[in-house]
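There are 4 protein chains.
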Amino acid sequence: MTQTPQIRRRRKEARPNEIIKAAFDEFEEKGFARSTLAGIAKRAGISRTTIYLYFETKEAILEAAIRGSVERAIDDVAGIARDADGDFRALFSHAIDVIYARLVEGDASTVFKILVSEGQSLPELVAFYRREILSKGENAIKALIERGIATGELSETCRSADVRVYVAPAIFAALWLRVFNQVDPLDIDAFKDAHIELVTAGLLGRS
Amino acid sequence: MTQTPQIRRRRKEARPNEIIKAAFDEFEEKGFARSTLAGIAKRAGISRTTIYLYFETKEAILEAAIRGSVERAIDDVAGIARDADGDFRALFSHAIDVIYARLVEGDASTVFKILVSEGQSLPELVAFYRREILSKGENAIKALIERGIATGELSETCRSADVRVYVAPAIFAALWLRVFNQVDPLDIDAFKDAHIELVTAGLLGRS
Amino acid sequence: MTQTPQIRRRRKEARPNEIIKAAFDEFEEKGFARSTLAGIAKRAGISRTTIYLYFETKEAILEAAIRGSVERAIDDVAGIARDADGDFRALFSHAIDVIYARLVEGDASTVFKILVSEGQSLPELVAFYRREILSKGENAIKALIERGIATGELSETCRSADVRVYVAPAIFAALWLRVFNQVDPLDIDAFKDAHIELVTAGLLGRS
Amino acid sequence: MTQTPQIRRRRKEARPNEIIKAAFDEFEEKGFARSTLAGIAKRAGISRTTIYLYFETKEAILEAAIRGSVERAIDDVAGIARDADGDFRALFSHAIDVIYARLVEGDASTVFKILVSEGQSLPELVAFYRREILSKGENAIKALIERGIATGELSETCRSADVRVYVAPAIFAALWLRVFNQVDPLDIDAFKDAHIELVTAGLLGRS
DNA sequence: AATGAATGAGGCTTCATTCAT
DNA sequence: CATGAATGAAGCCTCATTCAT
């Protein structure tokens with residue numbers, strides 16, 4: 282009588298996240314299309330129908346999972362251009378660190394993989410992701426470059442290029458880890474260093 | 282009576298490729314998991330069961346489709362380091378041209394997307410792709426760099442980095458086109474130029 | 282503190298009827314098979330599980346709803362042959378008025394529709410309805426005819442026919458309103474007059 | 282080799298009707314809402330999924346079943362006012378005979394019951410039924426009455442009443458058989474005679 | 001008395017695949 | 001060679017009902 286209601290309530294509030302977590306694992310392992318509600322329920326330790334108390338459809342779970350991941354990521358993305366001092370190399374290096382952390386240790390690469398697999402049938406989710414993550418990331422990198430130009434470290438010509446090219450290797454690495462790593466492992470830290478080296482050399486060498 | 286057998290035979294030999302072509306289109310449009318044999322049959326203008334005369338399972342069609350695409354690609358990949366003269370910039374530029382051509386105009390990005398989506402359940406295909414395409418591409422790029430080092434254009438330090446980083450933006454672009462292009466278009470030629478500029482500047486500037 | 286228990290009690294006593302009312306509306310709108318406890322609970326402004334404090338199953342609610350309607354109807358049916366003076370035409374006319382009132386304005390046509398739809402799986406309810414309503418109604422009409430014979434208005438041959446035929450058009454009208462009215466409206470008052478006219482002419486003309 | 286293909290073909294063409302027949306039985310026994318594809322398949326002696334080769338949804342089967350019944354009925358309805366000679370009583374008597382035959386021995390009462398039960402969710406079917414059967418039946422009865430007026434048997438006042446009242450007892454009888462017959466049997470022939478007697482007396486007695 | 005949480009049974013439908021011609 | 005017919009496995013989802021508070 283003293284504690285049970287609290288446990289219950291905590292349970293209730295925790296359920297959606299438990300389900301999302303289980304679903305995320307299932308999606309990660311099998312991909313969205315091959316995953317089943319039965320699998321999700323099993324992972325979450327609940328019955329298949331209990332899921333429907335919290336989510337209307339299988340797709341809704343996916344949406345919630347991606348939205349959750351995105352929301353957790355937003356702060357990190359915002360922090361890309363903040364939180365660091367020093368020259369352009371240091372700034373960019375920090376930004377790339379943050380991105381790799383999310384992509385490799387975090388859940389971002391799973392989200393990315395899902396978007397690649399299912400994007401065609403989930404256009405709103407793609408748009409959402411682009412709006413909340415991609416655009417913001419792009420802007421953060423742009424800001425970094427502007428700052429480099431302002432300090433005189435970078436040439437003005439650096440402004441003209443599509444900034445996505447500076448982040449592209451990170452996305453590549455994330456997908457590589459998910460797809461080819463078993464068959465052709467990638468040393469993520471070495472790759473990250475090569476990435477940073479390539480971009481900083483490529484930008485700084487231009488002046 | 283005189284000609285039918287020939288037509289028949291030609292037909293018979295053409296069938297598998299017709300099916301593969303149809304399947305490729307279906308996979309491209311819906312992804313492998315969401316595609317159906319009914320859809321493939323319709324595109325090929327044949328009956329669903331006729332497919333089974335040529336392929337044992339749906340997965341076998343996918344395998345054949347990917348193998349076919351890979352075989353067509355092998356020559357191109359081999360040509361990456363051949364077929365061109367000049368300084369490192371020219372050589373690398375040519376290689377990247379070839380790669381983008383396959384990824385953007387050709388079917389390579391579809392294959393890539395499928396591998397991302399379905400790789401987990403098709404490990405042999407992943408291994409096959411890695412062996413036939415990725416490794417060879419990697420080696421070609423390595424050869425390019427060695428040649429640059431040999432001519433003195435590149436520093437020896439260029440040898441140490443993971444060469445995948447130099448191609449990564451192309452893969453990124455290929456997937457972007459498939460996933461985000463509707464919501465955030467990418468000017469592929471400008472991106473390619475930025476890619477070439479980044480890598481050549483990043484490598485040449487190091488000496 | 283002084284009044285709550287009373288409110289509670291009143292509440293408690295009112296609940297079953299509130300539920301029945303809500304259920305009746307739900308049944309009327311969707312039919313029994315398509316109606317849901319969730320829908321009933323919503324209409325009643327209570328939780329789904331609260332219903333189980335008062336009724337054991339969904340079917341039990343239906344039974345109670347029909348029983349309630351039947352009980353409310355019994356007096357009317359009894360009154361069919363009472364409450365009126367005059368010649369046979371006046372008596373019959375009054376009886377038919379009462380019946381149409383229940384069928385059209387009241388809930389009798391809903392009950393009838395439910396019995397048609399679900400009767401096969403609810404034989405006791407069908408038997409109950411027949412016992413409480415149909416038989417009594419039949420007897421009332423019989424009594425009317427006997428009285429007509431007694432006064433000499435009707436021929437003795439009127440006694441031999443199945444009296445249900447004299448009421449049948451009313452049932453027909455009730456169902457028509459429920460099923461075809463949207464697509465082919467029925468002027469209920471005109472129909473009722475035609476009904477009365479047909480039966481009185483048909484009976485009186487026989488002597 | 283001689284006969285098998287024919288059997289096959291006949292089978293194929295027969296299937297839809299076999300399914301419709303099975304479905305009709307299932308609907309008749311359980312009502313549409315309570316019927317299942319499994320039940321239909323079992324009655325038809327085929328697998329559940331075979332049904333989908335011929336019908337897109339469960340509702341489509343119902344539609345086909347009702348349409349089929351209606352088409353079979355159309356000729357009868359057309360024949361109501363034809364095919365008979367004699368005075369009004371003979372004509373009307375014949376018409377009612379035809380109607381009862383369909384309602385009692387035929388499948389019309391099942392259709393009627395389904396329309397009562399499911400009409401709310403199948404408005405097009407209700408409209409279809411009204412257009413193809415009810416309207417035509419109504420017109421046939423009207424024609425009968427006009428003929429009676431033309432021959433002088435009937436008063437002109439007979440024209441004013443809603444003709445549905447003259448057929449209503451037949452519909453009533455059909456539903457009674459389906460719903461109350463077990464608990465309160467109806468002698469259908471006696472009822473039909475009472476019906477004919479009532480209407481002819483009621484109409485002829487008016488002049 | 002009331003309810004939120006949870007679930008098992010069961011229904012519709014899709015689809016890869018086999019069978020028989 | 002080609003195909004129409006058929007099906008079993010499996011998935012999503014609904015809903016009446018039970019449990020625990």
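Protein chains in written order, with the working numbering: chain A, 282 to 488; chain B, 282 to 488; chain C, 282 to 488; chain D, 282 to 488.
Beta carbons are placed, not taken as given, at the ideal position from N, Cα and C, and that holds for glycine.
Only a predicted model underlies this, so the values are computations on that prediction, with no experimental measurement involved.
Can you say whether residue i is buried or exposed, counting buried as having 16 or more other CB atoms within 10 angstroms of its CB?
i	result
C:Phe393	buried
D:Ser441	exposed
D:Thr317	exposed
B:Arg445	buried
D:Pro404	exposed
D:Thr432	exposed
A:Gln287	The predicted position of A:Gln287 is uncertain, since its pLDDT is 41 and thus under 50; a value taken from the coordinates is nonetheless stated next. Exposed, by the Cβ-count rule.
A:Ala295	exposed
B:Glu478	buried
B:Ala389	buried
C:Ala449	buried
A:Ala319	exposed
B:Gly483	buried
Give me, in chain order, the residues of the same chain whose beta-carbon lies closer than 7 angstroms to that of residue i; leave out the 5 immediate sequence neighbours on both sides.
i	result
D:Arg290	Residue placement at D:Arg290 cannot be trusted, given a pLDDT of 48 that sits under 50; the coordinates are not used to answer.
B:Lys473	Ile377 and Tyr381
C:Arg324	Ala303, Asp306 and Glu307
C:Thr438	Arg487
C:Glu309	Thr391
A:Glu413	Val351 and Ile355
Using C-beta distances below 6 angstroms, list every residue in its chain close to residue i, excluding the 5 sequence neighbours before and after it, in chain order.
i	result
A:Ala454	Phe472
A:Glu345	Residue identity check: residue 345 of chain A is Ala in the sequence provided, not Glu. Ile301, listed in sequence order.
D:Ala362	Ala421, Ala424 and Leu425
B:Glu399	Phe313
Examine chain C for any beta-carbon lying closer than 8 angstroms to the beta-carbon of residue i, and answer yes or no.
i	result
D:Gly433	no
D:Leu384	no
D:Ala471	yes
Could you tell me the distance, in whole angstroms, from the CA atom of residue i to the CA atom of residue j?
i	j	result
C:Val397	D:Leu458	10 angstroms
A:Thr331	A:Glu337	11 angstroms
B:Phe409	A:Phe461	11 angstroms
B:Leu334	B:Ser402	24 angstroms
D:Val464	C:Ile321	30 angstroms
A:Ser350	B:Ile342	35 angstroms
D:Gly312	C:Gly312	12 angstroms
D:Ala451	A:Ser328	52 angstroms
D:Arg490	C:Glu352	Residue 490 of chain D lies beyond the residue range present for chain D, which begins at 282 and ends at 488; the question has no answer from this structure.
A:Gly418	B:Leu384	25 angstroms
A:Ala489	A:Ala354	Because residue 489 of chain A is not part of the residues shown, which for chain A are 282 to 488, the question remains open.
C:Leu467	A:Lys339	47 angstroms
C:Gln284	C:Asp357	Low confidence applies to C:Gln284: its pLDDT is 45, below 50, so where it sits in the model is not reliable enough to give any reading.
D:Phe373	D:Ala359	14 angstroms
C:Ser436	C:Val480	14 angstroms
Step through the CB atoms of chain B and report whether any lies within less than 8 angstroms of the CB of residue i.
i	result
A:Val397	yes
A:Glu340	no
A:Ser374	no
A:Glu294	no
A:Phe305	no
A:Glu478	yes
A:Ala482	yes
A:Asp368	no
Please report whether the beta-carbon of residue i lies at a distance below 8 angstroms from any beta-carbon of chain A.
i	result
B:Pro450	yes
B:Val379	no
B:Phe453	yes
B:Val392	no
B:Phe336	no
B:Gly486	yes
I'd like the list of long-range same chain contacts for residue i, defined as Cβ closer than 8 angstroms, with 5 residues on each side in sequence excluded.
i	result
D:Ile395	Phe308, Gly312, Phe313, Leu343 and Ile347
Contact set between the region 308-320 of chain C and chain D, restricted to residues whose Cβ is under 9 angstroms from the partner: Near chain D, meaning a CB-to-CB distance below 9 angstroms, the residues of the region 308-320 of chain C are Glu310, Lys311, Gly312, Phe313, Ala314 and Arg315.
- prompt: Looking at chain C, which residues of the region 344-358 of chain D have a Cβ within less than 9 angstroms of any of its Cβ atoms?
  reply: Of all residues in the region 344-358 of chain D, none has a Cβ within less than 9 angstroms of some Cβ in chain C.
field: Cβ-based contacts, 9 angstroms cut-off: residues of the region 396-417 of chain C near chain D
entry: Going along the region 396-417 of chain C in chain order, one finds Leu396, Val397, Ser398, Glu399, Gly400, Gln401, Ser402, Pro404, Val407, Ala408, Tyr410, Arg411, Arg412, Leu415 and Ser416 with a Cβ nearer than 9 angstroms to chain D.
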